[in-house]
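Taken in sequence, the protein lines are chains A and B. For what it's worth, this note's numbering labels the leading residue of the first sequence as 189, then goes sequentially. For what it's worth, this note's numbering labels the leading residue of the second sequence as 636, then goes sequentially. Every residue gets a Cβ at the ideal spot worked out from N, C-alpha and C, and that includes glycine. Predicted model only: the values in this text are computed from it and were never measured.
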Amino acid sequence: MTSFDVIVIGGGHNGLVAATTLGRAGRKVLVLEAAGEIGGAARTEEFFPGFRVSSIAHVLNRLHPEVVKILELEKHGLAFERQATPSVALSTTDDPLVLRGAYGESLDGATDSEAAAWRELRALLFRYAGILKPFLARRPPDLADMSLSETSALAMAGLSLKRLGKEDMRDFLRMLLMNVADVLDEHLEDDRLKGLLAFDAVLGSHLGPRSPTSLLGLYYRLAGEIGGVPGAQLLPKGGMGAIIAAMGASASAAGIVVRSNAEVAKILVEKGRAVGVALQNDEQIRAKTIVSAINPSSTFSLVGSRELDTGFVRKVKNIRMMGDAAKLHLALDRPPEFLGVRTEDHRGRLVIAPSTDHVERAFNPSKYGEFSPEPVMEITLPSLADPSLAPDGACVLSAVVQYAPYALGEGWEAGKPKFLNAIMAQLEAHAPGIAKSIRHTELLTPLDIEQRYRMPGGHWHHGELQADQMLMSRPVSGAAGYSTPVDGLYLCGAGSHPGGGVSGVPGLNAARHIIAMKA
Amino acid sequence: MAKTARKTNASTRPPRAALQGHFRTLRLPSPLQPRIDALAKTEDWYTWAGYKAPLSLWDEELEYFTIRSQAAAFDISPMVKYRIEGADAEAFCNRVTLRDVSKLKPGRVHYTAWCDDAGHVLDDGTLFRLAPTHFRLCCQERHLPWLLDSTIGFDVMVEEETEAVAGLALQGPTSLAVLRDAGFAGVEKLKIFDLAEFPHESGMVAISRTGFTGDLGYELFVPAKLALSLWDRLFEVGRLHGIRAIGYTALNRARIEAGLIVANADFVTAEHAIRGDRLRLPDEIGLGFMVDAEKPHFNGRRTILAARANRSMKHVLVGLEIEGNIPAEHAIVYHRQKREVGLVSAAIWSPMAKRNIAIASLSRPYGDTVTDDLWVEIYAMRELKYERLMKRARIVPRPFIKLERRTANPPANV
Ligand SMILES: Cc1cc2nc3c(=O)[nH]c(=O)nc-3n(C[C@H](O)[C@H](O)[C@H](O)COP(=O)(O)OP(=O)(O)OC[C@H]3O[C@@H](n4cnc5c(N)ncnc54)[C@H](O)[C@@H]3O)c2cc1C
């Protein structure tokens, strides 16, 4: 039997990035994936005969350029379309507002004064997101090995690097932990625009726009880039699975062995050191380095609390990771028509979030275990640009819908049909007649996502991405920076710094950290 | 009724505050209070872990000699006690505490300690293995939240039993005779650190050959409602063997002679320490011998072993013998009479050793590799005037006294 230097648990995109980076550095790597195929939450799957869709993540907006470069994804079949995908803020009372270019380089449908205000705010948001960008790309600072003055020196270095003016610096710090609603109110008037920005800030988290720190979510998004363009987004041809296909090809080229249907049941630890894994079928595989690309709390339950300290187990248990985002897939007879939206703009990202207040009201019930009666959502029609995803003339709709609290009070069995009705009412209001064209519906609640994709809580980021669970507290102190209390065991998934989304950054950073540690 | 961690999540568990109501009464009475009150001639009380407890009862000098020449009854009911029970009880204790619990057989007791993740000592105490899946942990401080959090992933139940269980230490050369005459048949078979249960009235009393005096002695644990009748049973037969109740001052002398440390007297426990430099790793307070690097994982293992490997231990706890006869309590320790290197945490003139002894914490390398030329500065109050004495101190092994009768088998039966 071949022996491996490294075992990567989980063949999601971060696992593949970590594995390939390690493989290219000369390590012999085995990836163990529980599902029948790789890709995790970034796959393209058939949900109805002839209809294929990005099964969870559907908009690509933060795949890191270094990941593209190091894995040579373009050589392995990834093609970025150059034209940027617009975001369309839908409205039932007004014409839609269209953000063109990379996150609204220009605005269609706003007054001149609003467009000017937006230009200013957009520039400011990108400037400030740019300050955070290096922190969201690197390994988090290691407080344990650093004095307080060194830490603040590092922070200041990061800041001054950007050569901010004094005024800008003050405003950056003032805004850092603000809620997005207040920031938007300081700058903008247009409810459609504010609704869209508010939605983007809270997408994938358990926050409303008026929750303190909600602005961070928007910065996180804007710190992403595609094809060198900050804030750009696209719907990959072939769905998110196309990214995975390129990553899979890159992995094979690097000599990585991938085994699917290989669920890890236990991480073997001897004298405080990870020495291998046991699979569901009791097969044991040993390696010097174990890299976990799955959720951090799942990782530490595979380790078992017997091998961990009480305080650490307590911290892991307290990681908040109950998702609020559901995924809707519709197989439609024909493309729907959203009110007032130009034909070509249907290829964009269509957002139902008519105002900040609407998003906030959608959030409110989720605090008490109830779904939004008027949910907010981000809709894509991927088959318009890529007809291979649907049979001739038919159409695929893919939507991320909030808020659908993981722990629904009445339980999802009872709640799911009701939630679907609430979603459909919203869709019908914005695209009259859509209901009549439905051939098949698939709604994945966070509970479904947890079960199907092995993502605890069905959480976007494998754990809330909020200030207290970021940087050196992500996923928890003691396991930030990819090392864990168990020697030889590393984390590299979305639950680690900087967080989730199809970026590959946790995977890349973890691999680099492991290489730098040199076994 | 062992509960798994899964079942004991926050929503199904009663609020933790309700599980430990001890603080609601200031100076709780002990289950033995009526008997102790009746003997308290000096009315010399202090608070021990929230309980009203005597410093002395009639004469602290004679109380001390009761320990060394008769049978001294000391109420240890205020000691914090936890009941640990379940299929994983051994594994649980092994993960929480430093020593290897798999080596602790049912019917045995060991002295151990436990640490937080950073390896800092949370407390020391005794672990009683009453049955294969049933333990009792006795200590100075409260730890219920920590212990409950430690149950995550273990099939084990942890329950506070401080108030439900009364404890009585019977220490001194005639202690066995008292127990024998009280009718605890077979108690003489107990070797040091053995534990057995004996019938008492409607229930059972757990008797262990343990104690805090370095002498022959036993500790008895009974359900609180049987405490008074147990006391009476011992005192009725004990009169001829010189049984007397004692307070903490006498016990404290005995424990210093025995070289034993007291949490929050000789070191600051991790959850009480406010200042970061007061935290202590086991090796820094003389408990390094407990750390078993070969046993399965335990809390703090990683940091303790790393500190050993990096030689980054900062402190050391030592026994001192000091010239003269004036106790050096809380005296500063100097190297070459100049450099301040530590503090004495406990000191007495030892009547048994006939030496002036102390327990002190020193900053390494002093006490570790540098052991010569140590001094203590004693301020002796003499009629409203301090006399400052600089006395030579020598590091000596603990215990300061070793009594054969403590471990003799069979024990002296006088
Ligand atoms: C509703 C929703 C919509 C989203 N939309 C977007 C979006 O539009 N754009 C975007 O960028 N991001 C989006 N995200 C976030 C994104 O999907 C995730 O952050 C990202 O896919 C996480 O990647 P990963 O590789 O870290 O983990 P995962 O993709 O979760 O991969 C983990 C892999 O590990 C495997 N695994 C788990 N347990 C075991 C085990 N015991 N043994 C072996 N293998 C195991 C799993 O099967 C899986 O393949 C969305 C998330 C959600 C929930």
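- Neighbour list for B:A726 in chain A, Cβ cutoff strictly below 9 angstroms: Taking the first residue of the second sequence as 1, we reach residue 726 of chain B at position 91. The CB of B:A726 comes closer than 9 angstroms to the CB of R494 in chain A, given here in chain order.
- Query: Since B:I787 meets chain A, which of its residues come closer than 7 angstroms, beta carbon to beta carbon?
  - Reply: Your numbering for residue 787 of chain B matches position 152 in the second sequence. What B:I787 touches in chain A: S493, V501 and K505.
- beta strand (DSSP E) segment containing A:T232, residue limits: Indexing the first sequence from 1 puts residue 232 of chain A at position 44. Looking at the DSSP string, the run of the beta strand (DSSP E) that includes A:T232 is T232 to F236.
- Query: Buried or exposed: which applies to B:I909, given that a residue is buried once 16 or more other Cβ atoms fall within 10 Å of its Cβ?
  - Reply: On the second sequence, position 274 is the one that residue 909 of chain B refers to. Exposed: under 16 other Cβ atoms inside 10 Å.
- Query: For B:G935, which residues in chain A fall below 9 angstroms Cβ to Cβ?
  - Reply: Looking up residue 935 of chain B in the second sequence gives position 300. Here the neighbours are D497.
- How about A:G427 and A:V205: are their beta carbons less than 8 angstroms apart? By 1-based counting over the first sequence, the position of residue 427 of chain A is 239. By 1-based counting over the first sequence, the position of residue 205 of chain A is 17. Contact: no.
- Task: With 8 angstroms as the threshold, decide whether the Cβ of B:R730 is near any Cβ in chain A.
- Result: Your numbering for residue 730 of chain B matches position 95 in the second sequence. Taking CB atoms only, B:R730 has a neighbour in chain A less than 8 angstroms away.
- Message: Only counting the same chain, and skipping five residues up and downstream in sequence, which positions put a Cβ closer than 6 angstroms to that of A:L677?
- Response: By one-based count along the first sequence, residue 677 of chain A stands at place 489. Taking A:L677 as the centre and dropping the five residues before and after it, the same chain places the C-beta of A462 and I478 closer than 6 angstroms to its C-beta, in chain order.
- Message: For a minimum of 4 consecutive residues, which ranges assigned as the alpha helix (DSSP H) are wholly contained in the stretch 490-520 of chain A?
- Response: Listed in chain order, the complete alpha helix (DSSP H) runs (minimum 4 residues) inside the stretch 490-520 of chain A are 498-505.
- Item | Residue interval of the alpha helix (DSSP H) (run including B:Y1021) | On the second sequence, residue 1021 of chain B is found 386 positions in, with the first residue counted as 1. If you look at B:Y1021, you'll find it isn't in any alpha helix (DSSP H); it sits in the beta strand (DSSP E) that goes Y1021 to V1031.
- Task: Measure the C-alpha to C-alpha separation of B:A684 and B:V968 and round it to an integer number of angstroms.
- Result: For the purposes of this step, residue 684 of chain B is identified with residue 49 of the second sequence, where counting begins at 1. For the purposes of this step, residue 968 of chain B is identified with residue 333 of the second sequence, where counting begins at 1. So the two alpha carbons sit approximately 30 angstroms from each other.
- Query: Residues of chain B with CB under 7 angstroms from A:G460, in chain order?
  - Reply: Position 272 of the first sequence, counted from the first residue, corresponds to residue 460 of chain A. Contact note: A:G460 reaches chain B through H932, R936 and R937, using a C-beta cutoff of 7 angstroms and chain order.
- Task: Starting from B:F856, follow its DSSP beta bridges and name the residues at the other end.
- Result: Looking up residue 856 of chain B in the second sequence gives position 221. Bridge partners of B:F856: B:G802 and B:A841.
- Under a three-way DSSP split, which group does A:C680 fall into? In the first sequence, counting from the first residue as 1, residue 680 of chain A sits at position 492. Residue state, collapsed to three classes: coil.
- Local conformation of B:N887 per DSSP, three classes: Here the question's residue 887 of chain B lines up with position 252 in the second sequence. It is helical.
- Member of B:L782, B:V800 and B:E798 whose CA lies at the smallest distance from the CA of B:M792: Within the second sequence, the letter at position 157 stands for residue 792 of chain B. Looking from the CA of B:M792, the closest CA among B:L782, B:V800 and B:E798 belongs to B:L782.
- Message: With three or more C-beta pairs closer than 8 angstroms as the rule, is the stretch 413-431 of chain A touching the stretch 263-282 of chain A?
- Response: The stretch 263-282 of chain A vs the stretch 413-431 of chain A: in contact.
- Residues that A:P644 contacts on chain B, provided the C-beta gap is smaller than 7 angstroms: What you label residue 644 of chain A is simply residue 456 of the first sequence in a count that begins at 1. Simply none; closest approach about 14 angstroms.
- Find out if the Cβ-Cβ distance for the pair B:A900, B:I961 is shorter than 8 angstroms. As a first step, residue 900 of chain B must be located in the second sequence, where it is residue number 265. As a first step, residue 961 of chain B must be located in the second sequence, where it is residue number 326. For B:A900 and B:I961, no; Cβs fall outside 8 angstroms.
- Over the uninterrupted beta strand (DSSP E) stretch that includes B:N991, give me the two end residues. Against the second sequence, residue 991 of chain B aligns to sequence position 356. Here the beta strand (DSSP E) through B:N991 covers R990 to S998.
- So which residues on chain B does A:P673 lean against when the C-beta distance must stay under 7 angstroms? To locate residue 673 of chain A, count along the first sequence from 1; it is residue 485. Simply R937.
- Item | Length of the line joining the Cα atoms of A:R535 and A:E254 | As a first step, residue 535 of chain A must be located in the first sequence, where it is residue number 347. As a first step, residue 254 of chain A must be located in the first sequence, where it is residue number 66. Distance from the CA atom of A:R535 to the CA atom of A:E254, rounded to whole angstroms, is 28 angstroms.
- B:W680 - DSSP class collapsed to helix/strand/coil: Taking the second sequence and counting its residues from 1, one reaches residue 680 of chain B at position 45. Three-state result, B:W680: strand.
- Message: Quick check on A:K515: buried or exposed, where buried means 16 or more other Cβ atoms within 10 Å of its Cβ?
- Response: Along the first sequence, one-based indexing puts residue 515 of chain A at 327. With 16 or more Cβ atoms within 10 Å of its Cβ, A:K515 is classed as buried.
- Message: Is B:W781 close to chain A? Criterion is C-beta to C-beta, closer than 8 angstroms.
- Response: Indexing the second sequence from 1 puts residue 781 of chain B at position 146. Closer than 8 angstroms: yes.
- Query: So is A:Y556 buried or exposed if we call it buried at 16+ other beta carbons inside 10 Å?
  - Reply: Counting from 1 along the first sequence, the entry for residue 556 of chain A is found at position 368. With fewer than 16 other Cβ atoms within 10 Å, it is exposed.
- Message: Considering only their Cβ atoms, is the gap separating B:V744 from B:T848 smaller than 8 angstroms?
- Response: Along the second sequence, one-based indexing puts residue 848 of chain B at 213. Along the second sequence, one-based indexing puts residue 744 of chain B at 109. Here B:T848 is not near B:V744, since their CB atoms are 8 angstroms or more apart.
- Query: Any idea what DSSP makes of B:A640, helix, strand or coil?
  - Reply: As a first step, residue 640 of chain B must be located in the second sequence, where it is residue number 5. The predicted model places B:A640 with a pLDDT of 41, which falls under 50 and marks its position as unreliable, so this point remains unresolved.
- Message: If you follow the beta strand (DSSP E) that B:I711 is in, where does it begin and where does it stop?
- Response: Counted from its first residue, the second sequence places residue 711 of chain B at position 76. Segment: none, B:I711 is in no beta strand (DSSP E) and carries neither H nor E.
- Determine, using beta carbons only, whether B:D784 comes closer than 8 angstroms to chain A. Here residue 784 of chain B refers to the residue found at position 149 when the second sequence is read from its first residue. Chain A, which has a Cβ nearer than 8 angstroms to the Cβ of B:D784, makes this yes.
- Cα-Cα, which of B:L940, B:V800 and B:I992 is closest to B:D927? To locate residue 927 of chain B, count along the second sequence from 1; it is residue 292. Ranking the options by Cα distance to B:D927, first place goes to B:L940.
- Endpoints, the alpha helix (DSSP H) within which B:H965 is located: Looking up residue 965 of chain B in the second sequence gives position 330. Taken as a continuous stretch (DSSP letters only), B:H965 belongs to no alpha helix (DSSP H), as it is neither H nor E.
- Task: Check whether the Cβ atoms of A:V547 and A:V371 lie closer than 8 angstroms to each other.
- Result: Translated into positions along the first sequence, residue 547 of chain A becomes position 359. Translated into positions along the first sequence, residue 371 of chain A becomes position 183. Not in contact: A:V547 and A:V371 (Cβ atoms no closer than 8 angstroms).
- Taking 8 angstroms as the CB-CB cut-off, is B:D752 touching chain A? Walking along the second sequence from the start, residue 752 of chain B turns up at place 117. For B:D752, a Cβ of chain A is located within less than 8 angstroms of the residue's own Cβ.
- Tell me, please, whether the stretch 196-213 of chain A touches the stretch 683-693 of chain A by the rule of three or more beta-carbon pairs shorter than 8 angstroms. As far as the Cβ criterion goes, the stretch 196-213 of chain A touches the stretch 683-693 of chain A, which means the pair count is three or higher.
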